[in-house]
Amino acid sequence: MRIATWNINSIGARLGRLLEWLEVAQPDALCLQEIKCAEADFPYDEVGAAGYEAAVHGTGRWNGVAILTNAGLQDVRRGLVDEPGYQPPDAMVSAVEPRAIGATCGGVRLWSVYVPNGRTVDSPHYGYKLAWLEALRATVREELRPDRPFAVLGDFNIAPTDADVWDIAEFAESTHVTPPERDALARLRAAGLADVYPRALKYDVPYTYWDYRQLSFPKNRGMRIDLVYADRAFAAGVRDAFVDREARKGKNPSDHAPVVVDVDLG
DNA sequence: ATGTCAGCGACACGCTGA
-4 MRIATWNINS IGARLGRLLE WLEVAQPDAL CLQEIKCAEA DFPYDEVGAA GYEAAVHGTG
56 RWNGVAILTN AGLQDVRRGL VDEPGYQPPD AMVSAVEPRA IGATCGGVRL WSVYVPNGRT
116 VDSPHYGYKL AWLEALRATV REELRPDRPF AVLGDFNIAP TDADVWDIAE FAESTHVTPP
176 ERDALARLRA AGLADVYPRA LKYDVPYTYW DYRQLSFPKN RGMRIDLVYA DRAFAAGVRD
236 AFVDREARKG KNPSDHAPVV VDVDLG
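If you count the first sequence from 1, position 183 lands on 178 in our numbering, and the numbers rise without skipping.
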């Protein structure tokens, strides 16, 4: 089975690139993040014509996640256990955002997640990020079962180690590299998940994201923040994993590249 | 040089989020 994850940065702006990539890469399941469209507005017909069913969790302008598959779609679950919402400083109430969806595809349990960015360490969005990661851990603990392979794939907005950013000195005051964020990843691993580390098809480190600004992609000023966290059964079946940086090239790319995993599951 | 991009409300481009 080929299973992939891709922060597509708007399915409306990227539908052509998505259909082209599905044709070339032929994944059996694809976790998408930042679709930026409501569930009812998802391009089901175009994706269906390419051979894929879609489970979608989205409300419109921001965020939004989906799982596409040609291996059968079952037991779709939207949102996390006790998922926190984001409460902006001037807002009266917090709002839960569409950032997580789970589904079983061809016997494999998959979650597509878009972890909150955090913005800055002193922002309320940073605390929201940490609380959201705790809810993700609770959900993983509830979902892990011995009878089916399991993986959480998505944009975690955390670089697991200093080597996962182009220059750690540039991140002295930044989110994505702080100990509390990395501790949250460590707790996911302690719950029974392993980081499926992909091959880089060029350069040394398999970055998955390059900012649109400052020629970051040609200069390879990237970050590895799109991760595949797999349980023991899934991880044991991994035959190959790589970042498809070709998808970051050319006209109208997303700022993220897909992570592709080829896995044999009994 | 912020060497960027997307969506929104509104219909020109500033604002927000990344």
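Beta carbons are placed, not taken as given, at the ideal position from N, Cα and C, and that holds for glycine.
- When 190, 136, 166, 257 are compared, the shortest CA-CA separation from residue 157 is found for 166.
- Membership of residue 14 in any beta strand (DSSP E) is not indicated; the residue belongs instead to the alpha helix (DSSP H) covering 6 to 20.
- If you draw a 10 Å sphere on the C-beta of residue 247, you find fewer than 16 other C-beta atoms in it, and that means exposed.
- The beta-carbon separation of residue 139 and residue 226, rounded to 6 Å, stays under the 8 Å limit for a contact.
- Within the same chain, Cβ atoms closer than 6 Å to the Cβ of residue 242 are found at 16, 252, 253, the five residues on either side in sequence being excluded.
- In the three-state scheme derived from DSSP, where H, G and I count as helix and E and B as strand, residue 208 is classed as helix.
- If you draw a 10 Å sphere on the C-beta of residue 204, you find 16 or more other C-beta atoms in it, and that means buried.
- Contact annotation, residue 26 with residue 149: C-beta distance approximately 6 Å; criterion of less than 8 Å satisfied.
- Between the C-alpha atoms of residue 120 and residue 83 there is a straight-line separation of about 8 Å.
- When Cβ pairs closer than 8 Å are counted between the two stretches, the stretch 87 to 104 is seen to touch the stretch 50 to 62, the count reaching three or more.
- The bridge partners DSSP lists for residue 37 come to none.
- Per DSSP, reduced to three states, the secondary structure at residue 170 is coil, with no helix or strand assignment.
- Bounds of the alpha helix (DSSP H) holding residue 138 are 119 to 138.
- In the displayed model, residue 195 falls within coil according to three-state DSSP, outside both helix and strand.
- Around the beta carbon of residue 21, fewer than 16 other beta carbons sit within 10 angstroms, so the residue counts as exposed.
- Between residue 219 and residue 183, the CB-CB gap reaches or exceeds 8 Å.
- Linking residue 234 to residue 196 through their CA atoms gives a straight-line distance of about 16 Å.
- Boundaries for residue 230: no beta strand (DSSP E) harbours it, while the alpha helix (DSSP H) harbouring it runs 227 to 232, taken from the DSSP string.
- Looking at 6, 190, 10, the one whose alpha-carbon comes closest to that of residue 221 is 190.
- The three-state secondary structure of residue 157, taken from DSSP, is helix.
- By the Cβ-count criterion, residue 209 is exposed, with fewer than 16 other Cβ atoms from all chains shown falling within 10 Å of its own Cβ.
- Apart from sequence neighbours up to five positions away, the residues of its chain that approach residue -1 with a beta-carbon distance below 6 Å are 22, 25, 253, 255, ordered along the chain.
- Here the alpha carbons of residue 117 and residue 10 stand approximately 36 Å from one another.
- Counting C-beta atoms within 10 angstroms of its own C-beta, residue 124 has 16 or more neighbours from the protein chains shown and is therefore classed as buried.
- When DSSP states are grouped into helix, strand and coil, residue 222 belongs to the strand group.
- Going by DSSP, residue 70 is part of the beta strand (DSSP E) stretching over 68 to 73.
- Nearest Cα to residue 52 within the set 224, 249, 109: 109.
- For residue 152 against residue 112, the beta-carbon gap comes to about 5 Å, under 8 Å, which counts as contact.
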